[in-house]
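A short worksheet on the structure shown next.
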Amino acid sequence: MEITAWFQLALVCVLGAMSPGPSLAVVVRNTVSGGRFQGVMAGLGHGIGVGLYALVAVAGLAFLLAADPVVFRAANLAGSGVLAWIGIQLWRASFRPGETVGEKRGLRGVRGFAEGFAIAFLNPKIAVFFLALFSQFVRGEAGWMEKGVMALTAGAIDTSWYVLVALVLAGSGAVNWLRRRATLVDRAIGGVLLLIAAGLFLRNL
Numbered sequence: 001m002e003i004t005a006w007f008q009l010a011l012v013c014v015l016g017a018m019s020p021g022p023s024l025a026v027v028v029r030n031t032v033s034g035g036r037f038q039g040v041m042a043g044l045g046h047g048i049g050v051g052l053y054a055l056v057a058v059a060g061l062a063f064l065l066a067a068d069p070v071v072f073r074a075a076n077l078a079g080s081g082v083l084a085w086i087g088i089q090l091w092r093a094s095f096r097p098g099e100t101v102g103e104k105r106g107l108r109g110v111r112g113f114a115e116g117f118a119i120a121f122l123n124p125k126i127a128v129f130f131l132a133l134f135s136q137f138v139r140g141e142a143g144w145m146e147k148g149v150m151a152l153t154a155g156a157i158d159t160s161w162y163v164l165v166a167l168v169l170a171g172s173g174a175v176n177w178l179r180r181r182a183t184l185v186d187r188a189i190g191g192v193l194l195l196i197a198a199g200l201f202l203r204n205l
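So the sequence shown is residues 1 to 205, counted in our numbering.
What follows is the structure, encoded as structure tokens:
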């Protein structure tokens, strides 16, 4: 892959990672509720989920999701279920403020990683996005090394962005302001995720 093509690919991946959505909401919420470590782990989990989808797409397996409406619909319904579950958990947590404060660091990390990974991996639209994106860059004679670099680029950029979000938020005064309003934050983010989940569910019935 030529360096100019790689920069073009990286730029699209950066813009895709920076676009606001449920992924950003999940990373922000984990950072506010569990601190820097939990937020970073959420970003890491999300990046790994995105990287796996990028690998699937560059290997051509994403055609199965794009071509089979039943598989795609089932995956979307599963994704909406995860969003709804996280949203419900946030609403429940809003009535038990401070519950995660005493939670062990390792458990907070597992919680953050699991939510970050799930929000990415159970979103098949990511695979379709990468399928469309990589089709513009993969050459017919491209080997597995080149394809691996493309998938690694996508995963690394996504991980870097969300880890950066967690680090900046955790190191700013904003996180303390948000923590003082943790109940409102949980309910607001939970409500947004529930609305997104409902929309996905209705579109895929």
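From the three backbone atoms N, C-alpha and C, an ideal C-beta is built for every residue, glycine too.
Note that the structure is predicted; figures quoted are calculated from it, not measured.
Counted within 10 angstroms of its Cβ, other Cβ atoms place residue i as buried (16 or more) or exposed
{"i": "Ala127", "result": "buried"}
{"i": "Ser23", "result": "buried"}
{"i": "Phe7", "result": "exposed"}
{"i": "Glu2", "result": "exposed"}
{"i": "Arg92", "result": "exposed"}
{"i": "Gly191", "result": "exposed"}
{"i": "Ala118", "result": "buried"}
{"i": "Val70", "result": "exposed"}
{"i": "Val28", "result": "buried"}
{"i": "Ala132", "result": "exposed"}
{"i": "Ala5", "result": "exposed"}
{"i": "Val26", "result": "buried"}
{"i": "Leu194", "result": "buried"}
Top-ranked residue by Cα proximity to residue i, from the options
{"i": "Val32", "options": "Ala166, Gly191, Leu194, Val192", "result": "Ala166"}
{"i": "Ser212", "options": "Trp144, Arg36, Met41, Leu152", "result": "Lying outside 1 to 205, the shown extent of the chain, residue 212 is not represented and no answer is given."}
{"i": "Gly143", "options": "Ala118, Arg73, Ala59, Ile86", "result": "Ala59"}
{"i": "Gly43", "options": "Leu169, Ser19, Leu164, Leu184", "result": "Leu164"}
{"i": "Glu115", "options": "Val14, Ser19, His46", "result": "His46"}
{"i": "Ala57", "options": "Val26, Pro20, Gln89, Phe130", "result": "Phe130"}
{"i": "Val34", "options": "Val14, Phe113, Cys13", "result": "Looking at the sequence itself, residue 34 is Gly, so the reference to Val does not match. When only C-alpha atoms are compared, the closest one is Phe113."}
{"i": "Leu107", "options": "Met41, Ser19, Leu194, Pro20", "result": "Met41"}
{"i": "Phe134", "options": "Ala54, Val168, Gln38, Asn30", "result": "Ala54"}
{"i": "Val168", "options": "Ala74, Ile86, Gly39", "result": "Gly39"}
Cutoff 7 Å; reference residue i; Cβ partners in own chain excluding five residues on either side
{"i": "Gly102", "result": "Note on Gly102: pLDDT 47, under 50, position unreliable in the model; the coordinate value appears next. Cβ neighbours of Gly102 beyond the five flanking positions: none."}
{"i": "Gly199", "result": "none"}
{"i": "Val50", "result": "Ala120, Ile126, Ala154, Gly155, Asp158"}
Neighbourhood of residue i by C-beta distance below 6 Å, restricted to the same chain and skipping five residues each side
{"i": "Ala17", "result": "Ile157, Asp158, Trp161"}
{"i": "Cys13", "result": "Ala154, Ile157"}
Opening and closing residue of the alpha helix (DSSP H) in which residue i lies
{"i": "Leu11", "result": "3–18"}
{"i": "Leu122", "result": "Unbroken run through Leu122: none, as it is neither H nor E."}
{"i": "Ser33", "result": "22–58"}
{"i": "Gly155", "result": "144–170"}
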